[in-house]
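Mapping the sequence shown onto this note's numbering, position 114 (from 1) lands on 104, and the numbers just tick up by one. Presented below is the structure to which this report refers.
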Amino acid sequence: MYLLDTNHCSRIIFGETNIIRRLQEHIGLGVATSVIVQGELLYMVQKSSQQEANLRFVRTFLQTIDLYPINGGVADVYGSLKGEIVKHFGPKDKAKRRKFTVQDLGFSDNDLWIASTALHYNLTVISADSDF
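Put into structure tokens, the structure is as follows:
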């Protein structure tokens, strides 16, 4: 099963045929996204100059794809994953570590939630982001 990141969902919504064709080749394996991606897509709508039309496109897309929720299991993975990232890549000095964030490494919290969802449900993330 594949879990689409925001960039792939956006490209599908706006008809990027190359992405759509490649996904159709793997549709039998299952394609879904996360409620985190839903939130990011709706935020993109709010920033757009054509909010009404873009909201229709996003809502139509979201009705055609399964959405994985955030639940206690995903939250457990998120906490562990974020902690391990800080432990391995953050400052070794505890005082500096308190001020350190995963954003300092180029990760957004939303990316970690999406990755945690994929890990919890044993999904493969499809993304154009270098974060994954």
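No residue lacks a Cβ here, since even glycine has one placed at the ideal position from N, Cα and C.
For T91, the first and last residue of its enclosing beta strand (DSSP E): Premise fails: T91 is in no beta strand (DSSP E) and is neither H nor E.
Distance between beta carbons of K72 and L102, contact taken as under 8 Å: 6 Å
Outcome for L(-7) when other beta-carbon atoms lying within 10 angstroms are tallied against a minimum of 16: That one is buried.
Residue closest to L13, alpha-carbon to alpha-carbon, out of Q93, H(-2) and N61: Considering only alpha carbons, the answer is H(-2).
Between the CA atoms of D56 and R11 - distance to the nearest angstrom: 19 Å
Sheet register partners of V115 (DSSP bridge): L(-7), per the DSSP bridge assignment.
Runs of beta strand (DSSP E) lying entirely within the stretch 8 to 82, each at least 3 residues, in chain order: 21 to 24 and 56 to 58
Reference D(-5), options H16, Q28 and G20, closest by Cα: It is Q28 whose Cα lies nearest to the Cα of D(-5).
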